[in-house]
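Trainee: First the structure, which I've put down as structure tokens, then a few questions once you've had a look.
Chains as they are written, first to last, in UniProt numbering: chain G, 1 to 580; chain Y, 1 to 501.
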């Protein structure tokens, strides 16, 4: 067995332990250890990216590679069978992109944090914990494990915003915490429902004595167990309930009388219970995405968070929402995914337009960027809802590309804030004259974000829109006008970026008089180059050679869309047949 | 004459034969007597010995109950007390609670300096633990009453440890008044049950048979009356009004004990008692009543806690909300919910003693009275702050702490029961319970908020003694271990329960 995934998750935790043991005044070593931890994590993620075989779909555990599975918690529930939680991690095409992104942005964040002076030890400790939990989220294949990391992300973030943030940090951090916690409680509710409904066929086979302990089962045995399950031939005592996400994806693993079984016919408020479960999960992850109308925590959190934390929040943490939808919500509830496609796509388009309009109206540069994030994450929802191969590829590509570009955007905001202690758009003019290099990077970041061909943003928006336009024929899930409206989002984003460029950077140099005393407007320093250059290169690289990423993800996406569509239609038919 | 002699000798033989099953209680009584006697001596050296003597006694009982083997456990003693696995596990929790109480009070300088009643204090803790043990073992309504009253009387006096304080007197008086009222109501309910079934032994077949034959309305009314007494002990709504005042007025170790001991024992009594009401059709009203009480307790506890300004009151309402979760757990009929309940109780024990020790340290060393007084303490003393976060997150029920596991077990049992029976009330309970966790976070997080986000205004540094640090870590460790390996405890609970039930 290969422990690369565990090393990815636990390297920052190890570094955190070292930081914990270092005395408070040793600020340099603390920073160095953190940087080392992040660098190792990045190295491992790049190594994983190269070792990941994008053409080997059917290899091993349903297309997951580098799988590690250990029994973690196992417990007999008497007459209700067994209860099983595994340490189960693996990587597929969806997670590989997110792992790579986390590795890269993790290091950029440390470099950006170098100027932190307040309570250095606490800061880097929390930072490392955050890296561990995010990486764990992207690699977990057990719902419980996923939930553990998902929840554990909240706490470091709460303190990072609340202690090191701006003037309204306390309000912003508690808002972030409550929003995300309520979302995760929805997820918890469904998780409990799923785990009481789903069995692990392999472990059940062992429990029944059909299989020797510790041996992997062939497909015949698994099918036999699943058939016996559906015919109610397995006694309660032998059922092994599981949190395993791959097991939850198989409708044949649902216990016949359980409430979330396709044929259960349970109705709540005129909707099948499976649909309600889908909506709850969707709500939970939509808060994280964030999608309008549950996005209001994001601008606050972004504005108040220190620059590196904004970078992490926009680049990685938001991706957990979209990732959760792809990893958990759609594969487990494909029926509801097909049924609610217009809702999800509609919310996506709403986010695109509403986010962009808000960005247009913002006076604070950071808030503008925050709303542009809302707008761009709308594309993820739209691409996903279309359930076309292009759309889903585009959604994943958008998550990756937005991770790179938004990191850059927040860094450039940080640069001006460091110098002037202000970031109001109307307080600056003609910055290009005094900060030419800075302006160059701002232009690159803005153009990459608004979808200029040659940058990664273009590829992702193109894929999503192609998917959206093709959806009426390919899947019949989305009406075409929805995508047509989404296109206006591109126009709007061009408008707010170009207008900002014009207002802040062009013309004669001028800054607001009151800022002049404290401001020293100098161009970029080495540290800032060190962060911005790699990101700009990556944005270009993945814009010009999209196959670098698409080769790794497309097979998984093909399998995903095929399975979700096929099962979705089939199960929708079954669900409605039980209702009649 | 002769008949009576035979009867007497039979009785005596039964007592002698069954006495073995009461070994833990006998040890407690022995040490109680020893403590009371030694307290009469004025010598300082003896006085200093008293807490350690109490500790020894309870530790002995703890070891006895962990090892087991002192009883076969299948025959109730005089049809009053059943020493089964449930009672044994309860006993372990109670002894631990007693030991923790003494350990906490050893850290409390004010109590150590107390001239009068210091010996009594420890003796009363022993008696309280004895009462708790009896509660857990009772299978007879009259015995339940006696055990609850033993606990109550000890509690009233313990609340009044600092007799000179106005607040303590107020708390003690309120406690006695509410206690007396609920005891009366409970006794009234018991008399109904005796009339309806002809037996006080509520674990016997006759009891259930009698209930099934009796008029449904009468059974419901009787159940309401008797549950009032039980709810008082676990501070469930609407019998929770004493809790905030007592928590505000009593010494901290006693508050910690109240928030765990009687609650645990009360839950065990209810658990045994409502085993008679599992029939969903005959006792739909009783189950509905319990469900409504659970929801009310959850809502009242969590929402009232939001408005509290002092940490003690906040924790009082938090303790009410935990009673709500435990009641929820008891309603998962048809599933093996007992182990989940016992797991939750164990977790509750460590969380509550941890957080109250923390509060005691803050109060003693830094005069923390309101939530605002916590300002900046976490930054001054990171160890204190981190421990606070740990306990509060566990109380909220967030991973990676055992509080989350406890709630997960409860909620999955409730979902399972809903799947089995389709009782919509369970779904409402489940959703209420889960969503209120979000509300709970909102008030629990206030403490870390002040600890870390607010600046302290010229406050002398908080000093925590090594023994306090050690204790804080001791209470925190199980919370982490039980999250990552809950099966260790669950397996043991299952083993104990499998012995006799």
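The beta carbon of each residue, even a glycine, is placed where N, CA and C say it ideally should be.
Tell me the DSSP secondary structure of residue 67(G) in three-state form.
Mentor: Reduced to three states, the DSSP call for residue 67(G) is strand.
Trainee: Applying the 10 Å Cβ sphere with the 16-neighbour rule, what's the burial state of residue 311(Y)?
Mentor: Buried: at least 16 other Cβ atoms inside 10 Å.
Trainee: Is there at least one Cβ from chain Y nearer than 7 Å to residue 151(G)'s Cβ?
Mentor: True, the Cβ-Cβ gap to chain Y drops below 7 Å.
Trainee: Could you check if residue 473(G) is buried or exposed, using at least 16 other CB atoms within 10 Å of its CB as the buried criterion?
Mentor: Label assigned to residue 473(G): exposed.
Trainee: Quick one: which residues of the segment 217–236 of chain G get their C-beta closer than 9 Å to a C-beta of chain Y? List them in chain order.
Mentor: From the segment 217–236 of chain G, no residue has a Cβ closer than 9 Å to chain Y.
Trainee: Counting Cβ pairs closer than 8 Å, one from the segment 103–123 of chain G and one from the segment 6–13 of chain Y, do we hit at least three?
Mentor: Counting Cβ pairs under 8 Å, fewer than three are found: no touch.
Trainee: Can you tell me whether DSSP reads residue 40(G) as helix, strand or coil?
Mentor: Residue 40(G): helix per DSSP, three-state reduction.
Trainee: At 7 Å on the CB atoms, spell out the chain G contacts of residue 301(Y), in chain order.
Mentor: What residue 301(Y) touches in chain G: nothing, since even the nearest Cβ is about 17 Å away.
Trainee: Count the CB pairs spanning the segment 342–351 of chain G and the segment 374–386 of chain G that are closer than 8 Å, and state whether there are at least three.
Mentor: The segment 342–351 of chain G, when compared against the segment 374–386 of chain G, does touch it at the 8 Å Cβ threshold.
Trainee: Closer than 9 Å, Cβ to any Cβ of chain Y: which residues of the segment 154–165 of chain G, in chain order?
Mentor: Answer in chain order: 154, 155, 158, 159, 162 and 163.
Trainee: Could you tell me which residues DSSP pairs with residue 358(G) in its beta bridges?
Mentor: DSSP, once it has assigned bridges, lists no residue as partnering residue 358(G).
Trainee: Would you say residue 58(G) lies against chain Y (beta-carbon separation less than 7 Å)?
Mentor: Residue placement at residue 58(G) is poorly supported in this model, since its pLDDT is 48, which falls under 50; the coordinates still yield a value, given next. No - not a single Cβ of chain Y is within 7 Å of the one on residue 58(G).
Trainee: Quick one: Cα of residue 246(G) to Cα of residue 115(G), how far?
Mentor: Cα to Cα, the separation comes out at about 43 Å.
Trainee: Can you find a CB in chain Y that lies within less than 7 Å of the CB of residue 578(G)?
Mentor: Not an interface residue.
Trainee: DSSP three-state call for residue 73(G): helix, strand or coil?
Mentor: The answer is strand: DSSP assigns residue 73(G) an E or B state.
Trainee: Have a look at 264(G), 530(G), 253(G) and 494(G) and flag the residue whose alpha-carbon is nearest the alpha-carbon of residue 229(G).
Mentor: That would be 253(G), whose Cα lies nearest to the Cα of residue 229(G).
Trainee: Quick check on the DSSP output: the alpha helix (DSSP H) that includes residue 328(Y) runs from which residue to which?
Mentor: 311–330 is the span of the alpha helix (DSSP H), which, as asked, contains residue 328(Y).
Trainee: Contact check, residue 122(Y) vs residue 54(Y) under 8 Å by CB: the rounded distance?
Mentor: Yes, they are in contact, since the Cβ atoms of residue 122(Y) and residue 54(Y) sit about 4 Å apart, within 8 Å.
Trainee: Does the beta-carbon of residue 126(Y), which I'm using as the reference point, lie nearer than 6 Å to any heavy atom of the ligand PLP?
Mentor: Looking for the ligand PLP in the displayed structure turns up nothing, as the structure carries no ligands at all.
Trainee: How long is the line joining the alpha carbons of residue 454(G) and residue 515(G), rounded to whole angstroms?
Mentor: Near 37 Å, if we compare the C-alpha coordinates of residue 515(G) and residue 454(G).
Trainee: Pick out whichever of 43(Y), 112(Y), 416(Y) and 421(Y) has its Cα sitting closest to the Cα of residue 281(Y).
Mentor: When only C-alpha atoms are compared, the closest one is 421(Y).
Trainee: What residue from 427(Y), 358(Y), 218(Y) and 414(Y) has the CA that sits closest to residue 469(Y)'s CA?
Mentor: Answer by Cα proximity: 358(Y).
Trainee: Per DSSP, what kind of secondary structure is residue 69(Y) in: helix, strand or coil?
Mentor: In this structure, residue 69(Y) counts as coil in the three-state DSSP scheme.
Trainee: Thinking residue 297(Y) and residue 237(Y) are a contact (beta carbons under 8 Å), I'd like their distance in whole angstroms, please.
Mentor: 4 Å between Cβ atoms; contact.
Trainee: Report back the beta-carbon spacing between residue 355(G) and residue 375(G) to the nearest angstrom; my notes put them in contact at under 8 Å.
Mentor: That belief holds up - the Cβ atoms of residue 355(G) and residue 375(G) are roughly 3 Å apart, short of 8 Å.
Trainee: When you compare only the Cα positions, how much space is there between residue 551(G) and residue 113(G)?
Mentor: Approximately 34 Å between the Cα atoms of the pair.
Trainee: Just to confirm the assignment, what range does the beta strand (DSSP E) spanning residue 381(Y) have?
Mentor: First-last for residue 381(Y): undefined, no H or E at that position.
Trainee: In angstroms, rounded to a whole number, what distance separates the CA positions of residue 248(Y) and residue 90(Y)?
Mentor: Roughly 27 Å separates the two Cα atoms.
Trainee: Check whether the Cβ of residue 143(G) lies closer than 7 Å to any Cβ atom in chain Y.
Mentor: False, the Cβ-Cβ gap to chain Y never drops below 7 Å.
Trainee: Taking CB distances under 7 Å as the criterion, tell me whether residue 437(Y) reaches chain G.
Mentor: It does: the Cβ of residue 437(Y) has a partner Cβ on chain G nearer than 7 Å.
Trainee: Please specify which runs of the beta strand (DSSP E), each continuous and at least 3 residues long, are wholly inside the segment 432–481 of chain G, giving them in chain order.
Mentor: The segment 432–481 of chain G contains no whole beta strand (DSSP E) run of 3 or more residues.
Trainee: Hey, residue 128(G) and residue 16(G): beta-carbon distance below 7 Å or not?
Mentor: Going by C-beta atoms, residue 128(G) is nearer than 7 Å to residue 16(G).
Trainee: Can you list, in chain order, the residues of its chain whose CB lies under 7 Å from that of residue 92(Y), leaving out five sequence neighbours each side?
Mentor: Counting only Cβ-Cβ distances below 7 Å, and skipping sequence neighbours, we find 62, 65 and 66.
Trainee: Return the chain-ordered list of same chain residues with a C-beta closer than 6 Å to the C-beta of residue 324(Y), the five sequence neighbours on each side being excluded.
Mentor: Excluding residues within five positions, the ones whose Cβ falls inside 6 Å are 294, 297, 298 and 301.
Trainee: Suppose contacts are defined by Cβ-Cβ distances below 7 Å. Is residue 135(G) in contact with residue 194(G) by that definition?
Mentor: No, Cβ-Cβ distance for residue 135(G) and residue 194(G) is not below 7 Å.
Trainee: Kindly indicate which residue of 360(Y), 451(Y), 153(Y) and 402(Y) has the alpha-carbon position closest to the one of residue 106(Y).
Mentor: For the residues 360(Y), 451(Y), 153(Y) and 402(Y), the minimum Cα distance to residue 106(Y) belongs to 360(Y).
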